Amino acid sequence: QQKVQQSPESLSVPEGGMASFNCTSSDRNFQYFWWYRQHSGEGPKALMSIFSDGDKKEGRFTAHLNKASLHVSLHIRDSQPSDSALYFCAARETGNTRKLIFGLGTTLQVQP
Amino acid sequence: EAAVTQSPRSKVAVTGGKVTLSCHQTNNHDYMYWYRQDTGHGLRLIHYSYVADSTEKGDIPDGYKASRPSQENFSLILELASLSQTAVYFCASSGRGQDTQYFGPGTRLLVL
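So the sequences go chain by chain: X and G.
First residue of the first sequence: 32, per my numbering; consecutive thereafter.
First residue of the second sequence: 11, per my numbering; consecutive thereafter.
Next up, the structure:
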């Protein structure tokens, strides 16, 4: 079973719209989360990390973490065609390990 | 931003042959990682390293070896390449005090 599950698999929003991504962990040892974005033909690039309950906002991007439900979300407001990419959620356990576990990703298409 | 480079960017190999993928980072990061990306499996950790001359097994190490001859360089070695190792391979690095992993552009490997 995938330890980090993402939904939806794909998403299409109009330019200027809101894109929302969901991520759920099945392991309570996962306490640290990242969102990564990967454009076609490139390596993943970290968008933001979130380690505490609540919201974290960086520009057009807002992440939300609820540790009790092991749920993390990402919202992109005013979506642009350049936001079209594959979005990954990644989680790390507490402790000294540096290993990240990635979800399968959500493909976002922003329609001009 | 962290700079991670990979070579070659693409490679065609024959079944049973030896393949070496190279990764170089210029950011004085202690931690380096090798992942493979396959459709339907997301990103999976093969090997990682905390310090030069030492490597650790990740989640899918079978069929792969790793070498960390210096802090800047990390190689992934396929001694006997197989069809199932056709994938895109990514190298990443992270610093001691931060957890965000920075990825290279990837190497597309096709084993025939």
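Yeah, the Cβ is synthetic: ideal placement off N, Cα and C, and Gly gets one too.
Only a predicted model underlies this, so the values are computations on that prediction, with no experimental measurement involved.
Can Ile70 (chain G) be considered in contact with the ligand COA, in the sense that its beta carbon sits closer than 7 Å to one or more heavy atoms?
Among the components of this structure there are no ligands whatsoever, and the ligand COA is therefore not found.
When the Cβ atoms of the stretch 126-143 of chain X are set against those of the stretch 43-52 of chain X, are three or more pairs found closer than 8 Å?
yes
Should Ala116 (chain X) be flagged as near chain G, meaning a C-beta pair shorter than 8 Å?
no
Taking 8 Å as the CB-CB limit, is Gly116 (chain G) close to chain X?
yes
Excluding five sequence neighbours on each side, which residues of the same chain lie with their C-beta closer than 6 Å to the C-beta of Phe133 (chain X)?
Phe119 and Ala121
8 Å Cβ cutoff met for Ser8 (chain G) and Arg118 (chain G)
As shown, chain G starts at 11 and ends at 122. That puts residue 8 (chain G) outside it, with no answer to give.
Chain G within 8 Å of Arg68 (chain X), Cβ atoms only
Closer than 8 Å: no.
Just checking: is the beta-carbon of Thr36 (chain G) within a distance shorter than 8 Å of some beta-carbon in chain X?
Not an interface residue.
So, using beta-carbon positions, are Thr61 (chain G) and Gln95 (chain G) closer together than 8 Å?
Reading off the sequence shown, one finds Val at residue 61 (chain G), where the question assumed Thr. Not a contact, by the Cβ cut-off of 8 Å.
Please determine, among X:Asn60, X:Gly72 and X:Ser43, the residue with the shortest C-alpha to C-alpha distance to His102 (chain X).
X:Asn60
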